[in-house]
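In the working numbering, the protein residues as written are 12 to 515. The beta carbon of each residue, even a glycine, is placed where N, CA and C say it ideally should be. As the structure is a prediction and not an experimental result, all values here were calculated from the model.
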Ligand code: AMP
Ligand code: MG
């Protein structure tokens, strides 16, 4: 659907934004308006998410809805703002980043009573834009759509796309590309970098305001707690430890784990140079700009701990009046990341291996590590390796054995040990296999599939591959005969030269 019609004649969809960020955090943002689109065309609307938000999807897909999603009309209850934030990018600190191509339109209370941010990405320049054009290209916008939906279907905390709109204007990168606006839904857009912005300026008053706001929004149980700032830090640590374990469990590489891309809510944000590992190798990096491998798959837990240390630093003055005490307490909290992460990761690994009933933790960990070592040694696809292990739990070893090639002898020996362990528990084989299938997806957003969908949309205006891919990714644990192609990794030579680029 395309609009060149006079937006003044349209009835803007009914929507009741409630803008706590704009209301409570004056001085942490700039009021700003979206640039608008030349001829907005709806590329994708998330009808399920619209319903969750209490929005009428038909209304939002209409010309009046499109006028809003294309940035040409701002609903009366919205208060668009560009948020200030700073951030460590690849380890180097930038004291001022901020929403250079994004705007928070406002917040909605969803059907479950949760406050959700509704924000644009690619809606034009703001005072934070510096040299950038404030725009986004269609391909990267659709990557956010696809990978965000894939993560949501996997049950992994994530921001999600509500809509993607083509603006009808080109954006200039290494070549002209179709421009687009993403409408993104998030538990909030508070980032580690939001706190860093005010810490870097020594603005204690704003930091306290931000922390109080964040606690009310994300950790309301702590509002009246003594020690609430320390406990807030611990709570963010816990959410992020759980999140990164979930990423690791599906082979997800975020690709640009800068502190401005690390949320306070514990949701995954910013699907730029992200990718999924295929042949299992912790050193895997796909991002063209990550030349040092800082954000390699296996480095993600350590990087997250580092990012959270930067977060804790910003709150030291609130944690304790005595700087020595504050530092000691924050350090303790940060040191808690690794054991928290290990707890999540080990319990996930046990579930992935069908070992989460009985057995001893040390023996199970050894078994899991041995399996990972085998996957790595024989360059087995991470996703298929675990999924086909579920078939083996049900007595069908062939699909798993096929993946191992010459490593089949080593696999059989390991499988013998695993069977001994499975027999220690009372769970029957079919139930164990079913439980394993519920944690080991058969469909992930495979890099070559995502690329093909983006290329079709960008180069040939063909949205069919994206729709098809989204339909498959909506049921990641449920294998369907017609979708067999989507289970397969790219040819190894293609994966070997696969590179991702930042979504600018
Ligand atoms: P992102 O890669 O979206 O996380 O952005 C990192 C920082 O660069 C943020 O401050 C963005 O606002 C800014 N930025 C990225 N792309 C653009 C762009 N095209 N125009 C203006 N600012 C941008
Ligand atoms: Mg970002």
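- By the neighbour-count definition (other C-beta atoms within 10 Å, threshold 16), residue 83 is a buried residue.
- A direct Cα-to-Cα measurement between residue 407 and residue 426 gives close to 12 Å.
- Runs of the beta strand (DSSP E) spanning 3 or more residues and lying entirely within the segment 85 to 171 occur at 92 to 94, 98 to 100, 103 to 105, 113 to 120 and 126 to 132, in chain order.
- The closest CA to that of residue 400, considering only 382, 165 and 94, is found on 382.
- Fewer than three beta-carbon pairs drawn from the segment 180 to 194 and the segment 83 to 92 are found closer than 8 Å, and the two stretches are therefore not classed as touching.
- When secondary structure is reduced to three states using DSSP, residue 179 falls in the strand class.
- Comparing alpha carbon positions, the residue from 264, 154, 388 and 284 closest to residue 418 is 388.
- Per DSSP, the continuous alpha helix (DSSP H) segment holding residue 33 begins and ends at 31 to 35.
- For residue 41, the enclosing beta strand (DSSP E) covers residues 40 to 42.
- If you compare the alpha carbons of 107, 195 and 44 with that of residue 56, the shortest gap goes to 195.
- Assigned with DSSP and collapsed to three states, residue 65 falls in coil, not helix or strand.
- The set of residues whose C-beta lies within less than 5 Å of a heavy atom of the ligand MG reads, in chain order, 272 and 281.
- Contact annotation, residue 131 with residue 113: C-beta distance approximately 6 Å; criterion of less than 8 Å satisfied.
- For residue 110, the shortest separation between its Cβ and any heavy atom of the ligand AMP lies below 7 Å.
- Judged by beta-carbon spacing, residue 248 lies within the 8 Å limit of residue 347, meaning their Cβ atoms are closer than that value.
- Residue environment: residue 361 is assigned as buried (16 or more neighbouring CB atoms within 10 Å of its CB, all protein chains considered).
- Under the three-state reduction of DSSP, residue 196 is assigned to strand.
- If you look at residue 378, you'll find it in the alpha helix (DSSP H) that goes 372 to 388.
- Among the bridge pairs identified by DSSP, residue 392 is matched with 290.
- The secondary-structure analysis by DSSP pairs residue 56 across a beta bridge with 174.
- Judged by DSSP in its simplified three-state form, residue 187 adopts strand.
- In the DSSP annotation of this structure, residue 487 is not part of any alpha helix (DSSP H), being labelled neither H nor E.
- The count of Cβ pairs closer than 8 Å, one atom from the segment 308 to 316 and one from the segment 248 to 261, reaches three, so the stretches are in contact.
- Shown here for residue 162: same chain residues with a beta carbon closer than 7 Å to its own, the five before and five after excluded, namely 169 and 279 in chain order.
- Assigned with DSSP and collapsed to three states, residue 342 falls in helix.
- Counting only residues of its own chain and dropping the five nearest sequence neighbours on each side, residue 174 has a CB closer than 6 Å to the CB of 56, 80 and 194.
- Contact between residue 395 and residue 429 does not hold, since their C-beta atoms are separated by about 17 Å, which reaches or exceeds 8 Å.
- DSSP, read as helix, strand or coil, puts residue 246 in helix.
- Taking a 10 Å sphere around the C-beta of residue 49, we find fewer than 16 other C-beta atoms and assign the residue as exposed.
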